[in-house]
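**Q** Residue numbers (the numbering used here), protein chains in the order written: chain A, 3 to 229; chain B, 3 to 229. From the three backbone atoms N, C-alpha and C, an ideal C-beta is built for every residue, glycine too.
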DNA sequence: GCATCGCGTTAGGAAGGCGTCAAGCCCCTT
DNA sequence: AAGGGGCTTGACGCCTTCCTAACGCGATGC
């Protein structure tokens, strides 16, 4: 998910604006609605990844909006409300809301709850597989396939090294960090290990091991994975 | 889900008891833990459907428990805390918690949040039967049939191993995780067990046990079920 | 031009993991 | 009391992986 779409529905202009500004600044794609009707319509048209909903709306109420949404979508709903009463919270949550935040709320808390809701909503899409022109790395299955689709076997140590490098793709990983992550802090001087294993990895994955395309050495500093 | 399993972790006895009584009365299957260590161990053994966790634990703290759980499970975590500070909420939520409730809390609200968490967590009834060219596994009936339709008998331990592997089909399951799930956390070094039982399983299910097609060993790392 | 340093490459031996088998133990059934 | 099924435990051979040491090469600095 590059940028999540958030639908904010509140009848108070200052809250709409505050949320709009803050969320946009954080890189979210924000839709603003003033009434429940608007919210339902916008939700249907824009398919937000999460909804922030004020309970005290004029016209059709917040709980009805929840019902309306739950009729066709499982999008996470975070309810805002000035009402502290337990009965209100229970009603909103049982109607299908995911979270209930009492006004006045802290922006940081709301953002954290937003992140939590978004994190939950995207479980299956574990894009833990990295593709290049010459091979594909699947980090959860712990498998590598070459361009023909045949499997390439890697040893545990080779995997650990590749995991660190791939998880920091494009960035330089210092030798010390690799050694500490894979062998432990007391091995931070054993740069020999890295040379041996990087050669092994390149022999298995690089089309031309003597001219690495993917596992790049930065002399004196560390290694970098590029794709 | 007929009755959901709830793991409650709180160091205050009166809260443990109150939650235990209330949740049991509502038909939940409740496990109680007093410390973070206990909670992690119970979670590994019992696989709760939701965790209620006090943040102010003695010993290893609540946030560490969250990290420990998130290392291997996506079970919903509801955090309880006396701390109102926004920073605490943000930290807990970003560590992987799903919800944050401030003490003192209303039981009805907590129950509603529990229902919300459970509702979210049980979306897709997983396909309970897995078919391969050589056998069919029915996870709910706990039965395996070979290609001719005749039943293959499996022992309880064999079942537990197969269940973990099959539920993570395609993914590599680390030895430690298998040992913890089947025998308990204190057995995480007994890789002997895995060798013995995997051989047993292969003898019963693989067409050619010495060349496994389905139950694959990744030396030094773990096992993987493929179909 | 020479010494030095870091990196890549190779090969061999020690160590450890895996599959396999068999014996012993425990608990449940008969 | 006897039997059996299932789980633990230990021993063995095989094979892979990892560590280690040595050498060559190129770049850099003196």
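Would you mind telling me which residues of chain B sit closer than 7 Å to residue 105(A), beta carbon to beta carbon, in chain order?
**A** Within 7 Å Cβ-Cβ: nothing; residue 105(A) doesn't reach chain B, min ~14 Å.
**Q** Quickly, what does DSSP pair residue 137(B) with across the bridge? List them, please.
**A** DSSP output for residue 137(B) lists 148(B) as bridge partner(s).
**Q** Out of curiosity, what's the CA-to-CA distance linking residue 53(A) and residue 73(B)?
**A** 28 Å
**Q** For residue 70(A), which residues of its own chain have a beta-carbon under 7 Å away from its beta-carbon, when the five flanking residues on both sides are left out?
**A** 42
**Q** DSSP on residue 31(A), reduced to helix/strand/coil?
**A** strand
**Q** From this set, 55(B), 17(B), 14(B), 8(B), which residue's C-alpha is nearest residue 28(B)'s C-alpha?
**A** 8(B)
**Q** Using the rule of at least 16 other Cβ atoms within 10 Å of the residue's Cβ for burial, across every protein chain shown, is residue 152(B) buried or exposed?
**A** exposed
**Q** Determine, for residue 51(B), whether the minimum Cβ-Cβ distance to residues of chain A falls below 8 Å.
**A** Not one chain A Cβ lies under 8 Å of residue 51(B).
**Q** Hey, quick one: how far does the alpha helix (DSSP H) through residue 50(B) stretch, first residue to last?
**A** Run containing residue 50(B): none; DSSP gives neither H nor E here.
**Q** State the CB to CB distance for the pair residue 11(B) and residue 56(B), rounded to an integer number of angstroms; the pair is presumed to be in contact (CB under 8 Å).
**A** 6 Å
**Q** Please report whether the beta-carbon of residue 117(A) lies at a distance below 8 Å from any beta-carbon of chain B.
**A** yes
**Q** Chain B beta carbons: is any one of them nearer than 8 Å to that of residue 31(A)?
**A** Chain B, which has no Cβ nearer than 8 Å to the Cβ of residue 31(A), makes this no.
**Q** Identify the residues that DSSP records as bridge partners of residue 217(A): which are they?
**A** 227(A)
**Q** Expressed to the nearest angstrom, what Euclidean distance is found between the alpha-carbon atoms of residue 238(B) and residue 154(A)?
**A** In the structure displayed, chain B extends from 3 to 229; residue 238(B) sits before or after that span and is not available.
**Q** With three or more beta-carbon pairs closer than 8 Å as the criterion, would you say the region 109 to 116 of chain A touches the region 76 to 96 of chain B?
**A** Note that the region 109 to 116 of chain A touches the region 76 to 96 of chain B; at least 3 beta-carbon pairs, one per stretch, sit closer than 8 Å.
**Q** Buried or exposed for residue 198(A), going by 16 or more other Cβ atoms inside 10 Å?
**A** exposed
**Q** How many whole angstroms separate the CB atoms of residue 205(A) and residue 214(A), which I take to be in contact at a CB cut-off of 8 Å?
**A** Wrong, their Cβ atoms sit about 11 Å apart, outside the cutoff.
**Q** Output, in chain order, the set of chain A residues within a Cβ distance shorter than 7 Å of residue 88(B).
**A** 108, 110, 111
**Q** Quick one: grab the DSSP three-state call for residue 82(B).
**A** strand
**Q** On the three-state DSSP scale, how would you describe residue 175(B)?
**A** strand
**Q** Among 226(B), 106(B), 156(B), 189(B), which has the Cα closest to the Cα of residue 143(B)?
**A** Minimum Cα distance to residue 143(B) is reached at 156(B).
**Q** May I ask you to report which of helix, strand or coil DSSP gives residue 62(B)?
**A** coil
**Q** Taking Cβ positions only, does residue 183(A) come closer than 8 Å to chain B?
**A** no
**Q** Is residue 67(A) helix, strand or coil when you go by DSSP?
**A** It is helical.
**Q** How would you label residue 169(A), buried or exposed, when you count the other beta carbons within 10 angstroms and need 16 or more for buried?
**A** exposed
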